[in-house]
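Participant: After the structure tokens below, expect a handful of questions from me.
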Amino acid sequence: MVRWAIFSLLLVVSFTSLGDERLEAANKLLLNQLNFILLANPDDELRQLKAQLSSNKVISFERIQQTSQAIADFWQRNAIETRYEPLARYQDPYFQAQAAEPLVANYLSVNNRIRYLLWLDDTQQWPRLTPEVWLHLGDRHSDIALISSRLNLLGDYPSPELENSVFSESLRQAVVRFQRRHGLKQDGIIGPATIKWLNWTPLQRAQTLARNFVEKHRYLAQVEPRYLLINIPEYQMVLVDQNRIALRSKVIVGKPYRQTPLIKGQVSNLVINPSWRVPRRLLKYDLLPKVREDGSYISRRNFEVFDYSGEQVIKTDEEWRDMAKGQFPYRLVQKPGEDNTLGRYKFFFPNQYNIYLHDTTDKHLFAKEVRALSSGCIRVEKVEQLANWMASNLVRDKQTWVDMQIERTKTQWFAFDEKLPLHLVYWTSWLDSQNIPQFRDDIYNINQNITPVLHAGN
């Protein structure tokens, strides 16, 4: 009888101990989740819950339940799914804490990266680098050791030469890796742009990753199975068909003072051999200065000139040059052809900004890392692949499409059987498919919490 009583007591102690461990593990997991969310959204209620979990008071199952529910509610408000509802009935604190996590494939990887960055923020000094010179392979500089250490902490330099003040080949390779994942020119030279990103603190990186994660997955939770998406700061387009990537392409987007707007639309037509009706702003600031220098610019670039009643106007090169110096009450239309600014293809979607996707004659610009170079429209590098995909999957009149392949001067519009949703978004940080953190310049200085809510067309 005594032995049985002792055995029963040991069982109670064992289960109690196990229960305490589950509570502590749940508490730790919830604190990690709250740190993530509060970086993205500094909510007072969640901050208060974090303070309660961080206190030295006894952890209760009720507190775990309350916090798990609040976290799950946050993700639900952002249209991101969790497993909380089906698992909330289990009276296990750790199950409840796990169930509050978002059902997003790379959430754990992003969360782990943020935890590491917050650890860096707590444990490492991050003095500002100011070398004041461009650093090249072979250079000697007092900042080289600190740059090597920083690249090591950020994961770009796994075997650093920390005591070396000379710019070595291994450091150059680390700089190239760092430049690649920050959208910089990969020349292995430490200049102002590279220094700017090296000076970004771990906390800044953690905040940017968290905010962009929430924004991106809130947006993607509501997209269609088939769509075209362009991330403006990344200068990249992705075509998704039945939730699988069908095409990736570099793009050129609007300059900071002629921004590509963040809108949702639907591509409704494909145009082969488009003409180009020059917008009035571009005419005033881009084309007329060229005509003032050389009146033959109009004829050389295959432009036709019309008055506002639609009548074509014909003048000599000298007359055009002189007229461009004053008021210019005409509009220019560039005829289709190999030199047309829009190139071979134009993808039209109704919108109030008069922007569209198109080909370009300036193919060399796609080799640049920074491609905010247009007047608002989007130029697509793999434009022929995109056009052929649309021809196969959306174009109604496929025979005419085949017939038009040898034609270069005749414009032809093609209607679609169904419209293709288009999303122009603005995400400056993410983990890529190899879980490598990527960061891009905020080229338009846009608040990262802004969601594209303007709708273009139906």
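With the first letter of the sequence shown counted as 1, position 243 gets the number 238 in my numbering; the numbers rise by one all the way through. Glycine included, every Cβ here is placed at the ideal spot set by N, Cα and C.
Quick one: what's His418 bridged to in DSSP?
Facilitator: DSSP output for His418 lists Leu224 and Lys259 as bridge partner(s).
Participant: The alpha helix (DSSP H) with Gln307 in it runs from where to where?
Facilitator: Run containing Gln307: none; DSSP gives neither H nor E here.
Participant: Given Asn268, which residues of its chain have a CB within under 7 angstroms of its CB, disregarding the five upstream and five downstream residues?
Facilitator: Pro331, Arg339, Glu402, Arg403, Thr404, Lys405, Thr406 and Gln407
Participant: Short of 6 angstroms in beta carbon distance, which residues of its chain neighbour Arg(-2), apart from the five on each side in sequence? Order them along the chain.
Facilitator: Residue placement at Arg(-2) is poorly supported in this model, since its pLDDT is 42, which falls under 50; the coordinates still yield a value, given next. So no residue of the chain qualifies.
Participant: Near Asp138, which residues of its chain fall below 6 angstroms by C-beta distance, leaving aside the five closest residues on each side in sequence?
Facilitator: Leu124 and Pro126
Participant: Quick check on DSSP: helix, strand or coil for His359?
Facilitator: helix
Participant: Among Trp70, Ser55, Glu16 and Gly14, which residue has its Cα nearest to the Cα of Gln28?
Facilitator: Trp70
Participant: Roughly how many angstroms lie between the CA atoms of Lys341 and His353, to the nearest whole one?
Facilitator: 4 angstroms
Participant: Candidates Trp114, Arg84 and Ala382: which alpha carbon is nearest Phe409's?
Facilitator: Ala382
Participant: Where does Ser144 sit, in a helix, a strand or coil, going by DSSP?
Facilitator: Three-state result, Ser144: helix.
Participant: Would the stretch 199 to 206 and the stretch 392 to 402 be scored as touching if the rule is three or more Cβ pairs under 8 angstroms?
Facilitator: Not touching, per the Cβ criterion.
Participant: Can the beta-carbon of Val209 be found closer than 7 angstroms to that of Asn73?
Facilitator: Contact: yes.
Participant: Starting from Ala46, trace the beta strand (DSSP E) both ways and give me its first and last residue.
Facilitator: Premise fails: Ala46 lies in the alpha helix (DSSP H), Asp39 to Ser49, not in any beta strand (DSSP E).
Participant: Drop a sphere of 10 angstroms on the beta-carbon of His177, count the other beta-carbons inside from all chains shown, and report buried for 16 or more, exposed for fewer.
Facilitator: buried
Participant: Using 8 angstroms for Cβ pairs, my map puts Thr255 next to Ile431. What's the rounded Cβ distance?
Facilitator: In fact, because the Cβ distance is near 26 angstroms, the residues do not count as touching under 8 angstroms.
Participant: Do Phe298 and Gln329 count as a contact pair if the criterion is CB distance below 7 angstroms?
Facilitator: Taking a C-beta distance under 7 angstroms as the contact criterion, Gln329 and Phe298 qualify as a contact pair.
Participant: Which one or two residues does DSSP pair with Asp236 in a beta bridge?
Facilitator: Arg239
Participant: Over the uninterrupted beta strand (DSSP E) stretch that includes Tyr351, give me the two end residues.
Facilitator: Looking at the DSSP string, Tyr351 is not in any beta strand (DSSP E), and its letter there is neither H nor E.
Participant: Using DSSP with H/G/I as helix, E/B as strand and the rest coil, what is Lys405?
Facilitator: It is coil, neither helix nor strand.
Participant: Below 7 angstroms CB to CB, which residues in the same chain sit around Leu337 once its five sequence neighbours on both sides are set aside?
Facilitator: Pro269, Trp271, His353 and Asp354
Participant: Would you list the residues sitting across from Arg374 in a DSSP beta bridge?
Facilitator: Ile247 and His353
Participant: Measure the alpha-carbon distance for Arg243 versus Ala67 and round it to whole angstroms.
Facilitator: 34 angstroms
Participant: So, using beta-carbon positions, are Ala367 and Val248 closer together than 7 angstroms?
Facilitator: yes
Participant: Considering only the alpha carbon of each residue, which of Ile54, Asn159 and Gln231 lies closest to Trp422?
Facilitator: Gln231
Participant: Flag Gly186 as yes when its Cβ comes closer than 6 angstroms to any non-hydrogen atom of the ligand SAM, and as no otherwise.
Facilitator: Among the components modelled here there is no ligand, and therefore nothing to report on the ligand SAM.
Participant: Could you tell me whether the stretch 281 to 289 touches the stretch 311 to 321, where touching means 3 or more Cβ pairs closer than 8 angstroms?
Facilitator: Two segments are said to touch when three or more pairs of C-beta atoms, one from each, lie closer than 8 angstroms; by this definition the stretch 281 to 289 touches the stretch 311 to 321.
Participant: Going by C-alpha to C-alpha distance, which of Lys180, Leu103 and Ala21 sits closest to Asp436?
Facilitator: Lys180
Participant: Where does Asn467 land, buried or exposed, given buried means 16+ other C-beta within 10 angstroms?
Facilitator: Shown here, the chain extends from -4 to 453; a query on residue 467 therefore has no answer.
Participant: Taking the beta carbon of Ile119 as the centre, do at least 16 other beta carbons fall within 10 Å, making it buried, or is it exposed?
Facilitator: The identity of residue 119 in the sequence shown is Gln, whereas the question assumes Ile. Flag for Gln119 reads exposed.
Participant: Are Ile59 and Pro88 closer than 7 angstroms when you measure CB to CB?
Facilitator: yes
Participant: Who are Asn264's beta bridge partners in DSSP?
Facilitator: Phe343 and Ala410
Participant: Thinking just about the alpha-carbon of each residue, which of Asp134, Glu413, Tyr292 and Val246 is nearest to the one in Gln261?
Facilitator: Glu413
Participant: Measuring only the C-alpha atoms, how far is Leu193 from Pro324?
Facilitator: 51 angstroms
Participant: Grab me the residues of Leu132's own chain with a C-beta within less than 6 angstroms of its C-beta, minus the 5 sequence neighbours each way, in chain order.
Facilitator: Phe162 and Arg167
Participant: Output needed for Ser49: all residues of its chain with C-beta closer than 7 angstroms, excluding positions within five of it in sequence on either side, in chain order.
Facilitator: Leu26
Participant: Since Leu257 and Leu419 are thought to touch, with beta carbons under 8 angstroms apart, how far apart are those beta carbons, to the nearest angstrom?
Facilitator: 5 angstroms
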